[in-house]
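>
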């Protein structure tokens with residue numbers, strides 16, 4: 486029968502044919518589930534030895550995981566960065582936890598249900614294994630971003646806060662002469678923010694001369710050059726107070742973790758001492774687990790939280806910590822655990838959507854400190870030592886699987 490549409494008339498059959506011709510075929514994507522996990526221990530030497538309060542390191546060994554799915558060429562990478570002197574987890578404990586506790590829980594699970602798997606692991610895997618769980622979380626976010634053809638930062642938020650971030654470069658606990666040589670070299674390369682490691686050398690007067698030397702060489706700290714002083718828990722309360730008071734007259738210094746992580750009352754006093762001088766107190770080892778972060782925020786310990794994607798348990802946890810800090814008007818310094826390009830990329834995706842960051846350089850120089858890397862993360866760093874966001878989906882970097890095998894000293898596949 487005729488179908489009347491305004492002044493036009495057509496048969497019902499013609500109308501249906503016209504409608505059908507306008508329908509575009511819908512591409513359906515298959516369900517994605519976890520089929521296997523590959524674990525690697527990757528060891529890469531530093532360009533130069535790195536001396537901190539707890540010893541000298543000449544290489545770094547991290548655990549890399551590759552989560553495979555039932556969809557061909559859809560997989561994700563994660564990284565755990567255990568440093569026994571800073572964390573309780575070890576390479577062996579991460580391997581064991583992934584093999585015996587994590588994989589049995591998540592095999593055949595929906596690989597796109599990042600939050601669901603995060604909650605599952607939180608319920609059934611001990612908080613001790615925060616780095617092992619964080620490694621899995623990074624890999625799942627990598628899969629999620631690749632599946633949706635978006636960088637992770639676009640999956641985390643509709644609003645991007647930072648597209649270019651200046652780098653920080655750390656110096657070991659070394660001599661004034663070595664500081665001077667490295668400062669001139671790194672300033673010439675474009676770096677403007679530096680971290681001076683302390684705590685190994687217990688001579689506070691000498692450490693004060695190191696700080697004064699920086700200002701003498703390159704002008705007022707906080708103008709052309711920025712400085713973080715990190716003792717890695719290496720000092721007593723009396724030494725920490727002497728160090729902070731000795732910097733009176735210097736502006737915009739950041740003092741990081743001068744005393745033990747659980748000296749809460751002392752850290753609170755040091756925060757007030759820093760504020761009187763116009764400095765900031767940063768917490769690192771004090772704020773690893775989510776419960777520790779909440780405690781420090783509730784008791785107003787620290788002006789800055791030094792956050793790390795592996796130390797803090799992956800992208801989901803780090804994003805939550807940054808939001809909690811923002812609500813309490815605490816700023817974040819995005820730091821690293823001597824990471825390879827996978828963890829650095831995960832860190833970069835979170836800082837991109839974090840408004841409350843300290844206005845200095847952040848630790849995205851990690852791959853520059855090694856003789857090689859298993860990713861192309863270095864390609865995101867320009868000549869001015871600024872890292873820019875990748876527009877590639879997932880983590881935003883390519884993993885060189887030939888180098889992954891070359892630098893691996895241990896491998897196991899869980900399937």
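In our numbering, the protein residues as written are 486 to 900.
Think of the CB as a built atom: it goes at the ideal place given N, C-alpha and C, for glycine as much as any other residue.
Quick caveat, the model's predicted, so the values are computed rather than measured.
Please classify residue 613 as buried or exposed, where buried requires at least 16 other C-beta atoms within 10 Å of its C-beta.
To locate residue 613, count along the chain shown from 1; it is residue 128. Exposed.
> Using the Cβ count rule (16 or more neighbours within 10 Å means buried), how would you classify residue 720?
Mapped onto the chain shown, residue 720 falls at position 235. Under this definition residue 720 is a buried residue.
> Please report the residue range of the beta strand (DSSP E) in which residue 703 lies.
Within the chain shown, residue 703 is the residue found at index 218, counting from 1. It is not in any beta strand (DSSP E) - residue 703 instead sits in the alpha helix (DSSP H) that spans 689-703.
> Mind checking residue 848: buried by the 16 CB within 10 Å criterion, or exposed?
Position 363 of the chain shown holds residue 848. Classification of residue 848: buried, given that the 10 Å Cβ count is 16 or more.
> In this structure, does DSSP put residue 898 in helix, strand or coil?
Numbered from 1 along the chain shown, position 413 holds the residue referred to as residue 898. Three-state result, residue 898: strand.
> Which residue's Cα is closest to the Cα of residue 763: 788, 747, 779?
As a working note, residue 763 is residue 278 in the chain shown. Nearest C-alpha to residue 763: 788.
> Please check the pair residue 834 and residue 619, which I expect to be a contact at CB under 8 Å, by giving their CB distance rounded to whole angstroms.
Here residue 834 corresponds to residue number 349 of the chain shown, with the count starting at 1. Here residue 619 corresponds to residue number 134 of the chain shown, with the count starting at 1. At roughly 14 Å, the Cβ-Cβ gap does not stay under 8 Å, so residue 834 and residue 619 are not in contact.
> Hey, which unbroken runs of the alpha helix (DSSP H) at 4 residues or more fall wholly within the segment 815-895?
DSSP runs (the alpha helix (DSSP H)) wholly in the segment 815-895: 826-836, 886-891.
> Buried or exposed for residue 799, please, with buried defined as at least 16 other CB atoms from any protein chain shown within 10 angstroms of its CB.
As a position in the chain shown, residue 799 is number 314, starting the count at 1. By the neighbour-count rule (16 or more Cβ atoms within 10 Å), residue 799 is buried.
> Short of 8 Å in beta carbon distance, which residues of its chain neighbour residue 534, apart from the five on each side in sequence? Order them along the chain.
Numbered from its first residue, the chain shown carries residue 534 at position 49. Result list for residue 534: 541, 542, 543, 657, in chain order.
> What span of residues does the alpha helix (DSSP H) with residue 683 cover, start to end?
As a first step, residue 683 is located in the chain shown; it is residue number 198 there, counting from the start. Run containing residue 683: none; DSSP gives neither H nor E here.
> Could you name the residues of the same chain whose beta carbon sits closer than 6 Å to that of residue 517, not counting the 5 residues immediately before and after it, in chain order?
Counting from 1 along the chain shown, the entry for residue 517 is found at position 32. So the qualifying residues of the chain are 554, 556, 596, 597.
> Should the segment 855-868 be regarded as contacting the segment 629-646, the criterion being three or more beta carbon pairs within less than 8 Å?
No, the segment 855-868 does not touch the segment 629-646.
> Could you work out which residue in 602, 636, 650, 838 is closest to residue 878 when comparing CA atoms only?
In the chain shown, residue 878 corresponds to position 393, counting from 1. Minimum Cα distance to residue 878 is reached at 636.
> Check residue 708 in the structure and name its three-state DSSP category.
The residue given as residue 708 occupies position 223 in the chain shown. The answer is coil: DSSP assigns residue 708 none of H, G, I, E or B.
> Excluding the 5 residues preceding and the 5 following residue 592 in the sequence, name in chain order all residues of the same chain whose CB lies nearer than 7 Å to its CB.
Position 107 of the chain shown, counted from the start, is the residue given in the question as residue 592. Same-chain partners within the cutoff: 519.
> Skipping 5 residues on each side, what residues in its chain have a beta carbon closer than 6 Å to that of residue 897?
Within the chain shown, residue 897 is the residue found at index 412, counting from 1. Only 524 meet the Cβ criterion.
> Can you confirm whether the segment 820-835 touches the segment 690-710 when touching is taken to mean that 3 or more C-beta pairs between the two stretches lie within less than 8 Å?
No: the two stretches stay apart, fewer than three of their Cβ pairs being nearer than 8 Å.
> Quick check: residue 475 and residue 893, are their CB atoms within less than 8 Å of each other?
This structure gives no information on residue 475, because the portion of the chain shown stretches from 486 to 900.
> Can you tell me where the beta strand (DSSP E) with residue 619 in it begins and where it stops?
Here residue 619 is taken as the residue at index 134 of the chain shown, counted from 1. Note, residue 619: premise wrong, no beta strand (DSSP E); alpha helix (DSSP H) at 615-633.
> Just to confirm my understanding: we take residue 675, look at its own chain, exclude 5 residues before and 5 after, and list those with CB closer than 7 Å. What are they?
Position 190 of the chain shown, counting from 1, holds the residue named residue 675. Counting only Cβ-Cβ distances below 7 Å, and skipping sequence neighbours, we find 868, 869, 870.
> Note down, in chain order, each residue of its chain lying with its Cβ closer than 6 Å to the Cβ of residue 707, except the 5 sequence neighbours on either side.
One-based indexing of the chain shown puts residue 707 at position 222. 736, 737, listed in sequence order.
> According to DSSP, simplified to helix, strand and coil, what is residue 501?
What you label residue 501 is simply residue 16 of the chain shown in a count that begins at 1. Helix at residue 501.
> Per DSSP, what kind of secondary structure is residue 768 in: helix, strand or coil?
Along the chain shown, one-based indexing puts residue 768 at 283. In this structure, residue 768 counts as strand in the three-state DSSP scheme.
> Within the same chain, show all residues whose beta-carbon is closer than 7 Å to that of residue 695, passing over the 5 residues directly before and after it, in chain order.
Here residue 695 is taken as the residue at index 210 of the chain shown, counted from 1. Result list for residue 695: 661, 664, 681, in chain order.
> Expressed to the nearest angstrom, what Euclidean distance is found between the alpha-carbon atoms of residue 765 and residue 758?
Position 280 of the chain shown, counted from the first residue, corresponds to residue 765. Position 273 of the chain shown, counted from the first residue, corresponds to residue 758. Residue 765 and residue 758: Cα-Cα distance of roughly 9 Å.
> Is the Cβ-Cβ distance between residue 483 and residue 884 less than 8 Å?
Residue 483 lies beyond the range of the chain shown here (486 to 900); nothing can be said about it.
> If I measure Cβ to Cβ from residue 900 and keep anything under 6 Å in the same chain, skipping five residues before and after, which residues do I get?
Numbered from 1 along the chain shown, position 415 holds the residue referred to as residue 900. Counting only Cβ-Cβ distances below 6 Å, and skipping sequence neighbours, we find 521.
> How is the beta strand (DSSP E) around residue 565 delimited, first residue to last?
On the chain shown, position 80 is the one that residue 565 refers to. Element bounds for residue 565: 560-565.
> Would you mind listing the alpha helix (DSSP H) stretches within the segment 715-764 that are 4+ residues and don't spill past its ends, in chain order?
Fully enclosed alpha helix (DSSP H) runs of 4 or longer: 722-731, 749-762.
> Look at the Cβ atom of residue 645, then the Cβ atom of residue 837, and state whether they are nearer than 8 Å.
Translated into positions along the chain shown, residue 645 becomes position 160. Translated into positions along the chain shown, residue 837 becomes position 352. Their beta carbons are under 8 Å apart, which means residue 645 touches residue 837 by this criterion.
> Quick check: what's the CA-CA separation for residue 941 versus residue 686?
Because residue 941 is not part of the residues shown, which for the chain are 486 to 900, the question remains open.
> So which of 733, 705, 744 has the shortest CA-CA distance to residue 718?
If you number the chain shown from 1, residue 718 lands on position 233. Taking only the C-alpha atoms, the option nearest residue 718 is 744.
> Report buried or exposed for residue 829, applying the criterion of at least 16 other Cβ atoms within 10 angstroms of its Cβ.
Position 344 of the chain shown, counted from the first residue, corresponds to residue 829. Buried, since its Cβ has 16 or more Cβ neighbours within 10 Å.
> Note down the Cα distance separating residue 514 from residue 626, rounded to an integer number of angstroms.
One-based indexing of the chain shown puts residue 514 at position 29. One-based indexing of the chain shown puts residue 626 at position 141. If I take the Cα positions, the gap works out to 18 Å.
> Would you kindly work out how many angstroms separate the C-alpha atoms of residue 492 and residue 559, rounded to a whole number?
Residue numbering aside, residue 492 sits at position 7 when the chain shown is read from its first letter. Residue numbering aside, residue 559 sits at position 74 when the chain shown is read from its first letter. Reliability fails at residue 492, whose pLDDT of 49 lies under 50, so the model's placement of it is uncertain and no value is given.
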